[in-house]
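Numbering (the numbering used here), first residue to last: 8 to 114.
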Amino acid sequence: MSEQDLKPWEKAQAARKARLESGEAVQSVRLNPIERARLKPKSKSLAIKAMCYHCVGGEQAVQTIRHCTSTTCPLYTVRPYQVGSNDDADDADDVDVVELDAQGEEA
Ligand code: SF4
């Protein structure tokens, strides 16, 4: 089976295994959007996701943000988890899994 035949999750799994074997990534951690945004403070998309998470709290955050009714909020049109968006399929309530290297940086 060639690499092109692999499903996205299989490619990610192989890449993770390679990073772990090379010592590049040392751990997988689950971070909420606020913690994730702190790792990349220049990312506008992560900042928006973190702000919406902060706004609605941790319980059922994805569903609450997706169905937000605050149409006057400046972030309303760019909020994450909207139906049809890239993160539409992200059903995790409040977390992203990231891999950190030995320095605690995202690998
Ligand atoms: S778009 Fe909705 S969830 Fe996001 S910050 Fe505004 S009011 Fe809160």
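Just so it is clear, CB atoms sit at the ideal spot from N, CA and C, and this is done for glycine as well.
Here the structure is a predicted model, which is why all the values come from computation and not from measurement.
Residue j beta carbon less than 8 Å from that of residue i
i     : j     : result
Ile72 : Cys59 : yes
Asn39 : Gly65 : yes
Tyr83 : Val69 : no
Lys18 : Glu10 : yes
Leu53 : Arg37 : no
Arg86 : Ile55 : yes
Closer than 7 Å: residue i CB and nearest ligand 1 heavy atom
i     : result
Ser92 : no
Arg86 : yes
Ser77 : yes
Leu82 : yes
Ile72 : yes
Val63 : yes
Opening and closing residue of the alpha helix (DSSP H) in which residue i lies
i     : result
Lys14 : Per DSSP, Lys14 belongs to no alpha helix (DSSP H) and is neither H nor E.
Below-8 Å beta-carbon distance, residue i vs any chain D residue
i     : result
Glu42 : You won't find chain D in this structure, because it holds only one protein chain.
Check your understanding: Which parts of the region 49-80 are runs of the alpha helix (DSSP H), unbroken and 4 residues or longer, counting only runs that do not cross its ends?
Key -> 51-63, 68-73
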